[in-house]
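J.:
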Amino acid sequence: MNILDYTAVQLSEKIKQGEVKVAEAVEAVFEQIDKTEESLNCYVTLEKEKAFRQAAAIQEKIDRKELTGPLAGVPFAVKDNMCTKGTLTTCSSKILSNFVPTFSAEAVLRLEAAGAVIIGKTNMDEFAMGSTTETSYYGVTRNPKNPEHVPGGSSGGSAAAVAAKECFAALGSDTGGSIRQPASYCGVVGLKPTYGTVSRYGLIAYGSSLDQIGPLTKDVADCAAVLTAIASHDLKDSTSMEREDTDFTAALVADVKGMRIGIPRDYFGEGLDPQVKDAVLKAADVLKSQGALVEEFDLSLVEYAIPTYYTIAAAEASSNLERFDGVKYGYRAKGVEDLHPMYKRTRSEGFGPEVKRRIMLGSFVLSSGYYDAYYLKALKVKALIKRAFDDAFTKYDMILGPVAPTTAPKLGESLSDPIKMYLGDIYTISINLAGLPGISVPCGEDKNGLPIGLQLIGDSFQEKKLIRAAYTYEQCKEGK
Amino acid sequence: MANMIDDATIEYVGILAKLALSDEEKEQAKKDMGSMLDYIDKLGELDTSGVEPMSHVFPVQNVFREDVVTNKDDSENILANAPGSKDSMFKVPRTVE
Amino acid sequence: MAKQYETVIGLEVHVELATKTKIFCGCSTEFGGAPNTHTCPVCTGMPGSLPVLNKQVVEYALAVGLATNCTITQYCKFDRKNYFYPDNPQNYQISQLYLPICRDGYVEIDTPEGTKKVGIHEIHMEEDAGKLIHDEWEDCSLVDFNRSGVPLIEIVSEPDMRSADEVIAYLDKLRLIIQYLGASDCKLQEGSMRADVNLSVREAGCEKFGTRTEMKNLNSFRAIARAIEGERNRQIELLEAGKPVIQETRRWDDGKEYSYAMRSKEDAQDYRYFPDPDLAPVYISDEWLESVRSRQPELRTEKMKRYKEEYDIPDYDIEIITGTKHMADIFEATVALGSQPKKVSNWLMVETLRLLKEKELDPEDIRFSPGNLAKLIGLTEQRVINSTVAKEVFEEMFDRDIDPERYVEEKGLKTVNDEGALKKTVEEVIAVNPQSVEDYRNGKEKAIGFLVGQTMKAMKGKADPASVNKLLKELL
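Just so you know, the sequences run in chain order A, B and C. So the first sequence is numbered by my numbering: it starts at 118 and just counts up by one. So the second sequence is numbered by my numbering: it starts at 3 and just counts up by one. So the third sequence is numbered by my numbering: it starts at 1079 and just counts up by one.
1. Taking the alpha carbon of Arg1310/C as the point to measure from, which residue in Ser1278/C, Tyr1338/C and Arg1329/C has its own alpha carbon closest?
2. Bridge partners of Pro310/A, per DSSP?
3. Can you list the residues of chain A that Ala106/B reaches, using a CB-CB cut of under 7 angstroms?
4. Quick check: Ile1198/C and Thr1146/C, are their CB atoms within less than 8 angstroms of each other?
5. Ordered along the chain, which non-local residues of its own chain (more than five positions away) have a Cβ less than 6 angstroms from that of Ser1106/C?
6. Does the distance from the C-beta atom of Leu1095/C to that of Ser1219/C stay below 8 angstroms?
7. Distance cutoff 8 angstroms, beta carbons only. Does Tyr598/A sit that close to anything in chain C?
8. By alpha-carbon positions, which one of Ile378/A, Ala287/A, Lys178/A and Lys527/A ends up nearest to Thr124/A?
9. Could you list which residues in chain A have their beta carbon closer than 9 angstroms to that of Leu1357/C, in chain order?
10. DSSP puts Asn260/A in a beta bridge; with which residues?
11. Under 8 angstroms between the Cβ atoms of Ile378/A and Leu438/A?
12. For my contact list, Pro1237/C and Asn1276/C are in at a C-beta cut-off of 8 angstroms; report their separation, rounded to the angstrom.
13. Could you give the distance in angstroms between the alpha-carbon of Pro1543/C and the alpha-carbon of Lys1421/C?
14. What separation, rounded to the nearest whole angstrom, lies between the Cα atoms of Asp1467/C and Gly1490/C?
15. Do the region 1297-1309 of chain C and the region 1319-1332 of chain C make contact, defined as three or more Cβ pairs closer than 8 angstroms?
16. Closer than 8 angstroms by C-beta to Ile423/A: which residues in its own chain qualify, once you throw out the five before and the five after it? Chain order, please.
17. Looking only at C-alpha atoms, which of Gly237/A, Gly256/A, Ala505/A and Gly186/A sits nearest to Ile347/A?
18. Per DSSP, Ser1235/C forms a beta bridge with which residues?
19. What three-state label does DSSP hand Thr1379/C in the structure shown?
20. Where in the region 497-561 of chain A do unbroken runs of the alpha helix (DSSP H), each at least 4 residues long, occur, reported from the N-terminal end onward?
21. With a threshold of 8 angstroms between beta-carbons, can Ala1555/C be considered close to chain B, or not?
22. Please confirm whether Glu1094/C has its beta-carbon closer than 8 angstroms to some beta-carbon of chain B.
23. Is the Cβ of Met3/B closer than 8 angstroms to any Cβ of chain A?
24. Does the separation of the CB atoms of Glu580/A and Thr366/A fall below 8 angstroms?
25. Should Glu1506/C be labelled buried (16 or more other beta-carbon atoms within 10 Å of its own) or exposed?
26. For Asn565/A, does the count of other Cβ atoms within 10 angstroms reach 16, so buried, or fall short, so exposed?
27. Can you check DSSP and say which residues form a bridge with Phe92/B?
28. Measuring alpha carbon to alpha carbon, tell me which of Arg449/A, Ser531/A and Tyr421/A ends up nearest Lys499/A.
29. Buried or exposed for Thr250/A, going by 16 or more other Cβ atoms inside 10 Å?
30. Hey, how far is the Cα of Met3/B from the Cα of Leu18/B?
31. Under 8 angstroms between the Cβ atoms of Cys200/A and Glu283/A?
32. Alpha carbons only, please: which of Val257/A, Thr345/A and Leu163/A is nearest the one belonging to Leu532/A?
33. Since Thr239/A and Lys196/A should fall inside the 8 angstroms C-beta cutoff, what is the C-beta to C-beta distance between them, to a whole number of angstroms?
34. For Cys1284/C, does the three-state DSSP call read helix, strand or coil?
35. Would you verify that the beta carbon of Glu454/A is, or is not, closer than 8 angstroms to some beta carbon of chain B?
36. Are Ile236/A and Ala194/A closer than 8 angstroms when you measure CB to CB?
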């Protein structure tokens, strides 16, 4: 078997058994990168030398039995909005084109402590604003299943790198679907944890109340192993939650008997591609055949999630991105004598159109006279949306639906109409508003061979139920 | 379109957000912001009277640090990415007094 | 007859809290470090950094709120105030707008018309900005973030003051309360207490407030008094000329005695406050509040009352000694060591105040320990040293906090009580000063003073003047 065909957990097992060396795994990944990266552009930065140095150090620790975990020796990719000490971190923006952090994100440190080898930083929509990885300053990333199509976004580089075997697993971040949707488009597993499960320290913020880091992996077992490694109660992040029992690999049990699964009728209406609908409902049937109790219900408020999300996310982003001003780090416009023109030129030249669009919107909804009508209103609707989910979870263990209305669109199709692009987030966005966990699992392909994702949404802190159901589905689906 | 964003609004938001838009970008921003706000106006359909605005999704409170010095001199790292520095300080265009 | 105008003043007072670390990170708040040596990713706004609240900041804010009769907001939050400036590393300041920690309090001040209440609208917690230095050699400014993130409370008064005297009485009252609580040293000159003045004028008898301006950059009581006078006159002149007062922020230039408008085209004054999503709300339970209340130290008013009851010292002394917490602490600690209150008070009121004035120091700068003051008082009471020597020893103590007992021993300053030695010296003095002896015997009482002086001189000051006097009279 080719090294690249192993899952992360399988690879680590082979390494611990001495059948594969860490350096060989790193070598294999870089060989693959040499073959496909030019056409796919999954990475903004590759750290080949550093990766080999790290591989040697980790190999030693594995040999001394100091590293025994399921991710020891596994080559990983990290989305370029997580700080990595000594490695360029751009958020796929010109404004951070020269930014080298002096500390690493907590999630990255956790991954490194588990023995992962970080080989590079993946491309993304600029500051995670977008659903296609086309708003990157460093060029588009292409979908490995079909390079004419986008990989989704904003964690498109991470999803594509896993799908193209340019790494064994990756970290992404999800503010409105940015892990689950590209996972769905690229045919990999992606999980957005409950808000507060993974520390945001070192994650360059987009929408602070919505952002969560999570895994993008080849299968559910890898996903559980990565989540176990990165989940932590971090005192540096005031929104980090103290959770008990974060060994998510314990949930890798193929059994859903008696599990109550609700399918929101509102998720299967207008705008949903029939091929996606069929694949998702077929997946529901698989779970039903395994003993899950599946029924339809009305979730309500679904159509209000997008305007709520864009108000809150844009408002927070407008403030979070104020620090990029050409004073302390990053790009500074040349030849400007005065302070305010320096700010304006730096930011106008440093940010791309989508980022500017959201900063403008966010600044407006917070401005004097509009705060109550827009921002406060959105916070109230958010409370209603959370309530709707709370009601649903009194009846169901989880909610099942599609990840996105369609499979991956062609390059250049989405950006022309922002509203249309935003509508693509309809099934993913509300769970960020409610802080809930959600997982995307491949559940088939459309007639053009583009992957389709199944989304399972759990109540707060119920990742284990999701992992269990996703694992059951993965084990029992057709062709397995 | 209900929300007509005018030139003055774009100008004003540009000052708040510190963005200098080209004429073309301004036209686009007017259009985009107008249609986004129309879309957001949909929220007005919902009766939210008596609903507490929810900024934090979980009722976490009282997350504190103790008052103990934990950081040492890190000025070298802090200044490592500065576009301009002098005498261990960040250099900026002269601020008007 | 010329119109009569009334000045209406409200104050926004910023106080730097006496915490060891900054409000949202573990950097030291110590003054005077080399540029950017007390900084970290959090207080310099590095991408990915996150704030975590220093609990002591909340404790201090609560203590001040309780001492100023405020209602405590038991569920309070932090908000972001968004504005771009290089000393503001995130380009938003973490502050409190919607739910400030304290509201609706008051303090009482003394005015010629009697006691007056000045209302406190609110007290909120926030972070300080960094420091901007204007380069002397190049056309640029330089930013030092050592002060960035130092915790502040902002105390916003109601527009209840009517004169510079009332403003100063109010500030002095706040300063004393906060110093007594140990929440800040409140030094105006060093910027640990700063006041912005909101001022408007209206015709006497008019109910409606006039348009107000806000004045910044006031760093002494004198500057505040002059700025109030200057701004009052400026506004009256405008009104008399039929021109409107514009609501704006002005910067007081104390050298030129004039204020300048600070507005610019790029300054929209629209701060887009919203709840900071990075910080959890603060919930102050009844138990927490009670424990802060139970730990509140005795404040000045109570202390003055107690001194009056417990110690036999003049009201004026009480006023001065309790005028700073540091001096009151020294007083009480010295008395606790067994010294007579009246004696302790005398040392503080006479010699201490004289030396402070001479050396241009504040009472907070007193360095001698109560233990050494008690020893010195003991030495004089037991007549081990005379008062002249005691003053000399005290000066040393004031400068270097020396141990007076050891010092007197080492320098050989003890009063000579050896009757024989003293008698011998007195006899010698009588022998070499026949004229004075003659004068005294002829009834010139004053002459004995000269002889005492001569004896003291011969004894190098180490005699007890009363004993010398007595001996002289016997021998003559």
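Note that the Cβ used here is the ideal one computed from N, Cα and C, for glycine as well. This one's a predicted model, so the numbers in the text were calculated from it and none came from an experiment.
T.: Let's see:
1. Taking the first residue of the third sequence as position 1, residue 1310/C is located at position 232. Minimum Cα distance to Arg1310/C is reached at Ser1278/C.
2. Taking the first sequence and counting its residues from 1, one reaches residue 310/A at position 193. Paired residues: none, contrary to the question.
3. Only positions 3 to 99 of chain B appear in the structure, and residue 106/B is not among them; the question remains open.
4. Along the third sequence, read from residue 1 onward, the residue named residue 1198/C stands at position 120. Along the third sequence, read from residue 1 onward, the residue named residue 1146/C stands at position 68. Their beta carbons are under 8 angstroms apart, which means Ile1198/C touches Thr1146/C by this criterion.
5. Position 28 of the third sequence, counting from 1, holds the residue named residue 1106/C. Once the five neighbours on either side are set aside, the close Cβ partners of Ser1106/C are His1116.
6. Against the third sequence, residue 1095/C aligns to sequence position 17. Against the third sequence, residue 1219/C aligns to sequence position 141. Their beta carbons are not under 8 angstroms apart, which means Leu1095/C does not touch Ser1219/C by this criterion.
7. This structure gives no information on residue 598/A, because the portion of chain A shown stretches from 118 to 597.
8. For the purposes of this step, residue 124/A is taken as residue 7 along the first sequence, with counting starting at 1. When each option's Cα is compared against that of Thr124/A, the closest is Ala287/A.
9. Mapped onto the third sequence, residue 1357/C falls at position 279. The contacting residues are Ser355 and Thr356.
10. Counting from 1 along the first sequence, the entry for residue 260/A is found at position 143. Answer is Asn263/A, bridged to Asn260/A.
11. The count along the first sequence starts at 1 and reaches residue 378/A at position 261. The count along the first sequence starts at 1 and reaches residue 438/A at position 321. Result no, Cβ atoms of Ile378/A and Leu438/A do not sit closer than 8 angstroms.
12. The residue given as residue 1237/C occupies position 159 in the third sequence. The residue given as residue 1276/C occupies position 198 in the third sequence. Yes, they are in contact, since the Cβ atoms of Pro1237/C and Asn1276/C sit about 7 angstroms apart, within 8 angstroms.
13. If you number the third sequence from 1, residue 1543/C lands on position 465. If you number the third sequence from 1, residue 1421/C lands on position 343. In a straight line, the C-alpha of Pro1543/C is about 20 angstroms away from that of Lys1421/C.
14. Your numbering for residue 1467/C matches position 389 in the third sequence. Your numbering for residue 1490/C matches position 412 in the third sequence. In the sequence as presented, Asp is not what sits at residue 1467/C; that position holds Val. Roughly 11 angstroms separates the two Cα atoms.
15. yes
16. Position 306 of the first sequence, counting from 1, holds the residue named residue 423/A. These residues qualify, in order along the chain: Tyr539, Leu540, Asp542, Ile543 and Ile546.
17. By 1-based counting over the first sequence, the position of residue 347/A is 230. Comparing Cα-Cα distances from Ile347/A to each of Gly237/A, Gly256/A, Ala505/A and Gly186/A, the minimum goes to Gly186/A.
18. Taking the first residue of the third sequence as 1, we reach residue 1235/C at position 157. Answer by DSSP bridge pairing, in chain order: Ile1198/C.
19. To locate residue 1379/C, count along the third sequence from 1; it is residue 301. In the structure shown, Thr1379/C sits in a helix (DSSP, three-state: H, G or I).
20. 535-540 and 546-550
21. There is no way to answer for residue 1555/C, as the model of chain C reaches only from 1079 to 1554.
22. Your numbering for residue 1094/C matches position 16 in the third sequence. Chain B, which has no Cβ nearer than 8 angstroms to the Cβ of Glu1094/C, makes this no.
23. Counted from its first residue, the second sequence places residue 3/B at position 1. Bear in mind that a pLDDT of 47 at Met3/B, under 50, signals an unreliable position, so the number given afterwards is only what the model happens to contain. Not one chain A Cβ lies under 8 angstroms of Met3/B.
24. Within the first sequence, numbered from 1, the residue matching residue 580/A stands at position 463. Within the first sequence, numbered from 1, the residue matching residue 366/A stands at position 249. No. Outside cutoff.
25. One-based indexing of the third sequence puts residue 1506/C at position 428. With fewer than 16 other Cβ atoms within 10 Å, it is exposed.
26. The count along the first sequence starts at 1 and reaches residue 565/A at position 448. Asn565/A should be labelled exposed.
27. Locating residue 92/B in the second sequence gives position 90, counting from the first residue. In the DSSP output, where bridge partners are listed per residue, Phe92/B has Ser87/B and Val1221/C.
28. If you number the first sequence from 1, residue 499/A lands on position 382. Taking only the C-alpha atoms, the option nearest Lys499/A is Tyr421/A.
29. Here residue 250/A corresponds to residue number 133 of the first sequence, with the count starting at 1. Result: buried.
30. Here residue 3/B refers to the residue found at position 1 of the second sequence. Here residue 18/B refers to the residue found at position 16 of the second sequence. Model confidence at Met3/B stands at a pLDDT of 47, short of 50, so the residue's coordinates are unreliable; what they give is reported in the following sentence. Approximately 25 angstroms between the Cα atoms of the pair.
31. Residue numbering aside, residue 200/A sits at position 83 when the first sequence is read from its first letter. Residue numbering aside, residue 283/A sits at position 166 when the first sequence is read from its first letter. Not in contact: Cys200/A and Glu283/A (Cβ atoms no closer than 8 angstroms).
32. If you number the first sequence from 1, residue 532/A lands on position 415. Considering only alpha carbons, the answer is Val257/A.
33. Sequence index remark: in the first sequence, residue 239/A carries index 122 (1-based). Sequence index remark: in the first sequence, residue 196/A carries index 79 (1-based). Thr239/A to Lys196/A, Cβ: 5 angstroms. Contact.
34. As a working mapping, residue 1284/C is identified with position 206 in the third sequence. Three-state result, Cys1284/C: coil.
35. For the purposes of this step, residue 454/A is identified with residue 337 of the first sequence, where counting begins at 1. Judged by the 8 angstroms Cβ criterion, Glu454/A is in contact with chain B.
36. Position 119 of the first sequence, counting from 1, holds the residue named residue 236/A. Position 77 of the first sequence, counting from 1, holds the residue named residue 194/A. Yes, the pair counts as a contact, with Cβ atoms nearer than the cut-off.
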